[in-house]
Amino acid sequence: MFGEEDRRRDRRIPVGVTGEVYWTGSGQTTRVEIHDLAAGGCALMTGFEVDAGVGVMVTVPSPDPRIENLQRRGRVLRCDSADPDREGRRRWRLAVAFEEEPTGDATP
Numbered sequence: 099m100f101g102e103e104d105r106r107r108d109r110r111i112p113v114g115v116t117g118e119v120y121w122t123g124s125g126q127t128t129r130v131e132i133h134d135l136a137a138g139g140c141a142l143m144t145g146f147e148v149d150a151g152v153g154v155m156v157t158v159p160s161p162d163p164r165i166e167n168l169q170r171r172g173r174v175l176r177c178d179s180a181d182p183d184r185e186g187r188r189r190w191r192l193a194v195a196f197e198e199e200p201t202g203d204a205t206p
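This is the structure we're talking about:
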């Protein structure tokens, strides 16, 4: 909120796009609303509650067909109840932390 210190390392950019999440434990893929995005994670909305620690692969669609979609592995940090959608269905807001990407050449 305004006036509170933001302790995040990375600046969050509001995106408001529909993306996909692959849930590594169940092997299911669902469509989600990606609320905001940062180098270290994202916030998204789902229609069901999710436990902290669940592994995910988040796919954010590219706005340009010449550029690949963004895909990042991560883990759910938090799941909070959110306001219902326009049809009155319950929603949950998830905070996802992305895993560190390998850097440099992995060959010995």
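What the sequence shown shows, in our numbering, is residues 99 to 206, in sequence order. C-beta: ideal position from N, C-alpha, C; glycine also.
Legend entry - Three-way DSSP call (helix, strand, coil) for glutamate 199 in this model: Walking along the sequence shown from the start, residue 199 turns up at place 101. In this structure, glutamate 199 counts as coil in the three-state DSSP scheme.
Legend entry - Three-state secondary structure (DSSP) of arginine 170: For this step, residue 170 is matched to residue 72 along the sequence shown. DSSP places arginine 170 in strand when its eight states are reduced to three.
Inset, instruction - Taking all protein chains shown into account, decide if isoleucine 132 is buried (16 or more other Cβ within 10 angstroms of its Cβ) or exposed. - result: The residue given as residue 132 occupies position 34 in the sequence shown. The residue in question, isoleucine 132, is buried, as its Cβ has 16 or more Cβ neighbours within 10 Å.
Inset, instruction - Identify every residue that forms a DSSP beta bridge with alanine 193. - result: Taking the first residue of the sequence shown as 1, we reach residue 193 at position 95. Answer is Ala141 and Arg176, bridged to alanine 193.
Legend entry - Euclidean distance between Cα positions of proline 112 and aspartate 149: Mapped onto the sequence shown, residue 112 falls at position 14. Mapped onto the sequence shown, residue 149 falls at position 51. In a straight line, the C-alpha of proline 112 is about 24 Å away from that of aspartate 149.
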